[in-house]
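Mapping of the sequence shown onto our numbering: residues 514 to 903, in sequence order.
Ideal Cβ placement from N, Cα and C applies to all residues, glycine included.
As the structure is a computational prediction, the values presented were derived from the model and not from experiment.
To keep things clear, I will list the structure first and then write my remarks on it.
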Amino acid sequence: MTQQSPASAMSSRSNYNQSLSFHNWFDALMQVLGCTNVDVAQLGGIDPSLVSRFRRGQRRPAANLKQLKRLIDGVFAAAEQQHALETLQSFLAEHTFGEPDVSIASEIASHIEPDRSSLYQTLFAQAVHVLRYSPNPRMSVADELTTPSCIPARLSQLMQLVSVTNSRLAHELKVDNSLVSRWRSGARPLRADNPVLDRLTDYFANLIVGQAADGNETLVQNLHQLLQTEDGTIQLIPETMLTLEADSLAALLRQWLLSDLTPADNGKQRIRRLLEKLDSWQGVPHFQGDFPLEVANVPSIAQKNSYQGVSGIREAVIRFLSDVALSSQQRHIKLFSNQVIDWLVGDPTFLRVWSCLMYLVLVRGHKIEIIHHLGRSDAEIGLAIENWLP
């Protein structure tokens with residue numbers, strides 16, 4: 514095998530960056546093998562919509578290679594099912610980029626099981642190589658809406674609970690102090706696909722478990738209180754939280770930091786509230802709170818035709834539902850969203866306006882059909898129904 518000089522290696526990487534990106538390589542691989550997104554997702558244990566975004570270039574696997582490992586597991590298993598291993602071998606031979614750098618060779622080896630075939634190892638190594646040297650796509654507005662972020666206020670509450678300063682957290686995570694400050698203020702979102710979030714929750718979980726083991730009962734009580742919902746039902750941490758291992762606590766903290774949603778455990782409470790709402794229904798809904806004029810007043814003529822970000826989608830929804838409610842012809846509208854539901858429930862004022870408009874649409878004789886995304890959890894679906902049901 515010919516040894517490349519550093520200069521030629523650098524040149525080949527430069528040419529590579531200009532000629533091929535990860536999503537082009539991955540999409541070509543999927544087409545050659547005849548695999549579907551669903552097949553790869555099911556076999557690899559990953560969400561089908563995520564596979565789709567990888568192929569379109571809207572997302573790329575996380576830098577820690579965990580997502581990539583599941584993705585490649587799914588691709589290889591699908592190729593085996595399709596009896597397409599020879600096709601896979603030909604594809605890899607056509608797209609060879611030489612031996613991976615020493616800097617990533619050990620990282621590749623650490624993610625591959627010893628009993629894996631040489632073809633699988635070649636596939637995974639090539640995927641890592643392509644991922645490392647392909648340009649990082651800019652996250653689109655739509656992708657920002659579908660990727661949940663850490664809630665700034667909750668991060669601050671957690672830090673205050675265990676008396677962790679910005680500088681201390683930055684030191685533990687090996688990031689800049691100003692970055693932690695921007696996370697807490699909301700100026701810089703800490704997204705769910707950022708590997709730093711896993712390190713952050715691991716750090717806090719180990720810290721809490723350690724202090725609890727030392728007999729810090731006040732910390733346990735305060736954490737228990739912090740993670741309660743307004744109606745007194747525990748949101749994420751069960752009363753047996755003292756028996757949790759650090760890994761389990763880290764997973765729960767991650768869920769709590771990312772979402773206001775009540776988990777599936779509390780489905781009984783949600784069903785109870787829905788039944789009470791139906792039993793007490795008297796034909797007229799009750800909307801609590803006032804509607805600010807800047808939200809409630811909608812111009813008779815649309816003043817723009819493009820909407821961006823979370824505020825944009827809220828404005829577009831108000832515009833659309835208002836037009837439907839005022840329509841003289843009866844409409845049958847179908848509503849679908851695969852975005853994180855925080856755009857709907859994150860702002861109480863907007864939620865009231867949305868609920869009122871949904872009711873007005875129904876009162877005017879229009880029909881509403883809500884199509885739920887298959888990847889949405891029972892908790893999200895239940896929360897949406899609870900808030901729009903008159």
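Asked                                                                                : Found
CA-to-CA distance, residue 870 to residue 881, given in whole angstroms              : 12 Å
Assigned secondary structure, residue 758 (DSSP; H/G/I helix, E/B strand, else coil) : coil
Residue 703 to residue 663 span [Cα, whole Å]                                        : 5 Å
For residue 831, the residue or residues it bridges with in DSSP                     : In DSSP, residue 831 forms no bridge with anything.
Whole-Å CB distance - residue 548 paired with residue 595, under 8 Å assumed         : 7 Å
For residue 578, the first and last residue of its enclosing beta strand (DSSP E)    : Counting along the chain, residue 578 falls outside any beta strand (DSSP E), and DSSP gives it neither H nor E.
Enclosing beta strand (DSSP E) for residue 881 [first to last residue]               : 880-884
C-beta contact flag for residue 635 and residue 598 at 8 Å                           : no
Collapsed DSSP secondary structure at residue 697 in the structure displayed         : helix
N- and C-terminal bounds of the alpha helix (DSSP H) containing residue 642          : 631-646
CA-to-CA distance, residue 728 to residue 590, given in whole angstroms              : 48 Å
Three-state secondary structure assigned by DSSP to residue 569                      : helix
Cα-Cα separation between residue 624 and residue 602, rounded to whole angstroms     : 20 Å
Beta strand (DSSP E) segment containing residue 625, residue limits                  : Here residue 625 belongs to no beta strand (DSSP E), and DSSP marks it neither H nor E.
Residue 516 versus residue 541 - alpha carbon distance                               : Low local confidence applies: a pLDDT of 40 at residue 516 is under 50, so the model's placement there is unreliable, and no value is given.
Whether residue 567 touches residue 584 by CB criterion (8 Å)                        : yes
CB of residue 668 within 8 Å of CB of residue 697, strictly                          : yes
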